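Visitor: Note that the protein sequences, when read in sequence, are chains A, B and C. Sequential numbering of the first sequence, starting at 1, is according to the numbering used here. Sequential numbering of the second sequence, starting at 329, is according to the numbering used here. Sequential numbering of the third sequence, starting at 608, is according to the numbering used here.
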Amino acid sequence: MTARLIKFLPWLAVGLLALFPLVGSTFYMQLLTKVLIMAIFAMSLDLLVGYTGLVSFGHAAYFGLAGYALALMAPKYETVSLWWSFPASIAVCALFALITGMLVLRTRGIYFIMVTLAFAQMLFFIFHDTKIGGGSDGIYIYAKPTMKLGEMELVNLEKLENFYWLALLSMAATYLLLHRVLGSSFGRALQGIKVNEHRMRALGFPVFRYQLASFTLSGALAGIAGYLAAVQYGFVNPEILSWHQSGAVLMMVILGGMGSLYGAVIGSFAFILLQEALSNQAWFGAWAKHWQLAMGILIMLVALYLPQGLAGLMQRFGRKPVTEAADE
Amino acid sequence: MSDKSLPPSPLPAEGGDVGSPGSQVVTGAPILSTRGLTKRFGGLVAVSDVSLDLHVGEIHVVIGPNGAGKSTLTNLLSGDLPPTTGEVLFEGRNIAGCSSDQISRMGIGRSYQKTNIFLPFTVFENCRLAAQSRTPHALRVFHRAEGYGEVNRLAEEAMTSAGLDHRARRVAATLSHGEQRQLEIAMCLATQPRVLLLDEPLAGMGPHESQRMVELIKMLSAGHAIMLIEHDMDAVFALAHRLTVMVNGEVLESGTPDQVRSSPAVQLAYLGGEELLHD
Amino acid sequence: MDFAFFLIQLLNGLQYGLLLFLVASGLTLVFGIMGIINLAHGSFYMVGAYLAWSLSSMTGSLTAAILLAVPLTVILGMGLERLLFRHLYQRDHLYQVLLTYGLILVFEELRSIIWGDDVHGVAVPALLNASIPLTENLSYPVYRLAISGVCLLLAAALYFLIQKTRLGMMIRAGASNRDMVQSLGIDIKLIYTLVFALGVALAAFAGMINAPLSSVTPNMGSQVLIICFVVVVIGGIGSVKGAMAASLMIGLAETFGQVLVPEVAGMIVYVLMAIVLVWRPEGLFGRT
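1. According to DSSP, R570(B) sits in a beta bridge with which residue or residues?
2. Would you list, in sequence order, the uninterrupted beta strand (DSSP E) runs of no fewer than 3 residues that lie entirely inside the segment 219-251 of chain A?
3. Between M856(C) and chain A, is the shortest Cβ-Cβ distance under 8 Å, so that the two count as touching?
4. Residue range of the alpha helix (DSSP H) that A94(A) falls in?
5. Quick check: is the beta carbon of V181(A) nearer than 8 Å to any beta carbon in chain B?
6. Below 8 Å on the Cβ atoms is my guess for V265(A) versus G256(A); work out the distance and round it to an integer in Å.
7. What is the residue span of the alpha helix (DSSP H) that E453(B) lies within?
8. Is the shortest distance between the beta-carbon of Q460(B) and the beta-carbons of chain A less than 8 Å?
9. If you scan the segment 260-313 of chain A from start to end, which runs of the beta strand (DSSP E) of 3 or more residues do you find wholly inside it?
10. Cutting at 6 Å between CB atoms, please list the residues of its own chain near T413(B), excluding the five before and the five after it.
11. Residues of chain A with a CB under 9 Å from the CB of S504(B): which are they?
12. Kindly provide the ranges of any beta strand (DSSP E) runs that are 3 or more residues long and lie completely inside the segment 541-567 of chain B, ordered along the chain.
13. For V885(C), decide whether its Cβ has a neighbour in chain A, counting only Cβ atoms nearer than 8 Å.
14. Spatial neighbours of S279(A) within its chain, please: C-beta separation below 7 Å, excluding the five flanking residues on both sides.
15. Just the chain C side, please: which residues come within less than 7 Å of G134(A) by C-beta, in chain order?
16. By DSSP, does P825(C) sit in helix, in strand, or in coil?
17. Excluding the five sequence neighbours on either side, which residues of its own chain have a C-beta within less than 8 Å of the C-beta of V876(C), listed in chain order?
18. Check the Cβ of A473(B) against every Cβ in chain A and list those closer than 8 Å, keeping chain order.
19. Closer than 6 Å by C-beta to F127(A): which residues in its own chain qualify, once you throw out the five before and the five after it? Chain order, please.
20. Kindly say whether G873(C), judged by its beta-carbon, lies nearer than 8 Å to any beta-carbon of chain A.
21. State the Cα-Cα distance for the pair G842(C) and L832(C), rounded to the nearest angstrom.
22. Report, in whole angstroms, the separation of the C-beta atoms of G709(C) and I297(A), which I expect to be a contact under 8 Å.
23. If S755(C) sits next to P748(C), beta carbons under 8 Å apart, how far is it from one beta carbon to the other, in whole angstroms?
24. Taking the alpha-carbon positions, what's the K131(A) to I795(C) distance?
25. Hey, how far is the Cα of K771(C) from the Cα of G684(C)?
26. Go through its chain and collect everything with a Cβ distance to G639(C)'s Cβ below 8 Å, but skip five positions before and after it.
27. Closer than 6 Å by C-beta to A39(A): which residues in its own chain qualify, once you throw out the five before and the five after it? Chain order, please.
28. Roughly how far, in whole angstroms, is the beta-carbon of S246(A) from the beta-carbon of H59(A), given that I think they are within contact range, below 8 Å?
29. Between P206(A) and chain E, is any beta-carbon pair separated by less than 8 Å?
30. Mark A13(A) as exposed unless 16 or more other C-beta atoms lie within 10 angstroms of its C-beta, in which case mark it buried.
31. Given that F446(B) touches chain A, what residues does it touch there, using C-beta distances under 9 Å?
32. In chain A, which residues lie with their C-beta within 8 Å of the C-beta of T519(B)?
33. Using a Cβ-Cβ distance under 8 Å, would R438(B) count as near chain A?
34. Which residues bound the alpha helix (DSSP H) around I875(C)?
35. Excluding the 5 residues preceding and the 5 following L482(B) in the sequence, name in chain order all residues of the same chain whose CB lies nearer than 6 Å to its CB.
36. Less than 8 Å between CB atoms is the rule here; does M653(C) satisfy it with respect to chain A?
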């Protein structure tokens with residue numbers, strides 16, 4: 001494959017995905033929408049885990065918070081405008097990430113993992129135990145947000161394919177944004193911090209500020225995914241910010257291959273399709289109910305034998321090892 | 329041990345304000361100096377009441393046996409460790425307790441005894457990152473990192489100075505040990521420091537590589553104040569304008585190499601009878 | 608609040624804290640000595656509770672159930688260490704997180720397959736099924752006092768084991784310098800297996816003795832795990848002393864919080880953690 005073709009591949013993939021509603025059934029369109037949303041979520045976590053070297057196990061907090069922000073902002077039986085509710089939800093996540101980031105980034109390693117998890121659980125219990133977000137039942141979002149220009153409706157999100165395209169557009173935009181950010185001086189500094197935080201500090205980089213910026217951006221991007229997920233499901237409950245969610249998205253990142261944006265996308269495809277397959281009663285009968293058993297074993301196998309994920313696997317079989325690094 | 333066993337000054341005098349090794353010492357206000365610098369780890373005093381000066385144009389070599397506190401002293405100057413008591417004065421201002429990134433941005437660069445580079449990155453990227461830390465627009469998020477001519481120029485200059493320009497595209501992990509040491513210095517240079525703290529730059533190098541590094545450090549001394557920690561006595565006497573001997577965290581003797589060589593305390597405690605100073 | 612009521616809450620808080628200590632001490636030991644983060648630690652607590660329930664309904668006695676179950680959990684711990692955790696010591700924490708997350712899912716599903724998803728209760732042993740009257744209408748259950756006593760005994764035994772015995776010395780040496788211990792001819796692998804099994808058994812035992820007090824529920828493992836993380840963060844990684852201090856602190860804070868400010872009780876432990884993070888990020892008894 002030539003380098004040009006590889007550069008062209010993501011656009012080809014997006015183009016093909018954009019055409020999917022012309023042929024796909026409702027079921028598969030919904031499934032793919034979910035995949036696209038989770039891909040955004042996985043990319044946001046990859047920014048932390050794969051590029052900044054911060055293993056967060058509480059990323060569902062930002063995902064769920066955006067959903068709750070939408071649910072709480074939307075009037076009960078009426079529609080809410082996407083134009084302000086979308087950015088507002090993302091801003092809430094960014095702010096929460098900024099505040100928690102200031103605390104959790106005081107720690108490293110195992111501590112960091114535990115503390116991110118603990119703060120996510122704090123949010124879980126706030127929504128679970130109090131009346132703010134409807135307790136353990138959560139809140140319904142009866143109507144999808146509207147995209148109006150004046151009085152004219154631009155896009156009707158109640159239509160499945162329109163929402164699908166919105167998710168695809170958001171995914172592509174997130175990919176592009178992160179691609180640009182990671183290629184910038186800021187992104188390079190993050191990658192330097194991941195490799196050797198101490199040396200970066202000795203070179204004069206204010207490491208904490210960079211990490212905090214990355215943490216905040218990551219939280220905001222997780223908010224994009226969380227907002228879209230809440231719109232798709234039509235409700236939020238504490239489960240969307242539970243630690244199972246945090247674990248699942250971490251699995252997507254590693255399954256795909258951390259430290260590569262397309263890896264995060266591949267990982268979410270693989271994870272959700274796998275989840276769908278394992279819980280398919282037609283295939284696995286009574287065992288389908290216990291699909292998490294197979295998933296758990298699979299996760300352990302990936303942790304033990306596939307640390308570089310599918311992207312690493314492809315590289316191992318696809319290319320020879322390089323000593324001269326590419327420009328990217 | 330008699331004076332005869334001491335080597336002659338191995339280099340001819342160069343003249344000028346740099347001062348040839350062993351002959352004269354730059355006078356005037358020091359750029360970096362310490363006063364009563366002390367570091368305790370629990371009950372252990374690693375660095376005790378150290379006062380020394382660094383001048384631009386001068387190489388100040390610190391020698392001493394293992395565990396004398398040389399590396400700890402470097403860490404105190406670079407901000408990797410906060411001192412327990414005492415002052416670190418940079419251009420007259422006390423910077424003790426500043427973080428290592430702040431101190432680096434003031435213009436004090438350091439290299440590490442154990443090679444401390446970005447192994448998965450190319451040589452150029454290692455230097456580019458270092459140079460990037462000096463640019464005010466480093467936080468720009470959308471502009472491609474390679475798009476800054478000034479940063480690239482600094483990185484390339486640093487590579488050339490350290491003699492690594494032919495290795496620019498190589499991944500740092502694949503370099504030889506000596507080249508990695510050179511990269512360590514190149515990264516330090518890319519941050520455009522005025523003070524260089526070099527912690528055993530010759531460690532583990534072969535004779536040929538060592539010679540290159542000595543030449544490099546000599547060249548750098550013109551525009552920088554250098555504190556050099558080194559065990560290789562040939563290199564020490566080839567380079568030192570000023571020499572400080574540390575033992576058990578304390579300064580045993582400090583002065584020109586000739587003064588230090590003739591110090592009875594040094595001969596007794598450190599150089600005593602050993603072949604360290606034999607050619 | 609009158610004194611008797613205060614006393615009851617105090618005892619409850621201490622009892623809860625001591626129970627937390629049993630779970631958290633194993634977690635912090637495994638962190639500190641092997642450098643492993645184990646998300647599945649809460650599952651051992653859950654397994655202990657379910658074992659207590661199923662074995663006590665089989666044998667009719669909680670004591671018999673515990674006597675049967677503890678060796679089982681030790682074997683479980685040794686098996687897991689040999690099969691899985693051993694491969695993770697040199698690996699990045701990321702993979703430890705992933706593997707133990709997978710392990711949680713496996714435990715949860717196995718629990719669902721073996722024991723179902725229902726909530727169960729376990730009877731308090733007849734011998735301890737009594738109350739000590741404090742005032743006319745307030746009394747304190749003997750069983751809770753017994754739990755506190757057992758936990759204190761175990762804590763003392765743990766302290767003795769780590770500080771005074773040869774094994775404890777090797778454990779402490781292994782935590783600070785793995786290579787040195789190995790070069791002294793001490794079988795570090797065996798020590799790791801033992802420490803891990805000890806942690807598993809302590810967590811499971813906590814689940815067993817607490818089964819009569821709180822119902823045996825499917826998600827009990829994850830709840831206790833998170834609180835134990837907070838305990839370890841507050842106490843400092845690897846510090847058993849810190850785990851004890853932090854456990855008691857959290858036990859009391861949660862218990863009194865639920866009485867005094869029930870609306871925000873769930874938040875208290877996290878606020879405590881945030882304060883510690885700002886003040887001493889390495890934990891109260893952590894090494895800097």
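Note that beta-carbon positions come from the ideal geometry of N, C-alpha and C, so glycine has one too. For clarity, every value in this text was computed on a predicted model and none was experimentally measured.
Guide: According to the data block:
1. H388(B)
2. none
3. no
4. 82-104
5. yes
6. 7 Å
7. 451-460
8. yes
9. none
10. T366
11. By Cβ distance, chain A contributes nothing, its closest Cβ being about 13 Å from S504(B), past 9 Å.
12. 553-557
13. yes
14. A288, W291
15. Correct list: empty, because the minimum Cβ distance to chain C is about 16 Å.
16. coil
17. I834, V837, I857, A860, E861
18. G183, S184, S185, G187, R188
19. G133, P238
20. yes
21. 15 Å
22. 7 Å
23. Not really, about 11 Å apart at Cβ, beyond 8 Å.
24. 51 Å
25. 24 Å
26. A782, I844, G845, S846
27. M171, V265, S268
28. 5 Å
29. Although the question refers to chain E, the structure presented lacks it and instead comprises the protein chains A, B and C.
30. exposed
31. Q191, G192, V195, N196, R199, M200
32. L203, G204
33. yes
34. 872-886
35. A459, A518
36. no
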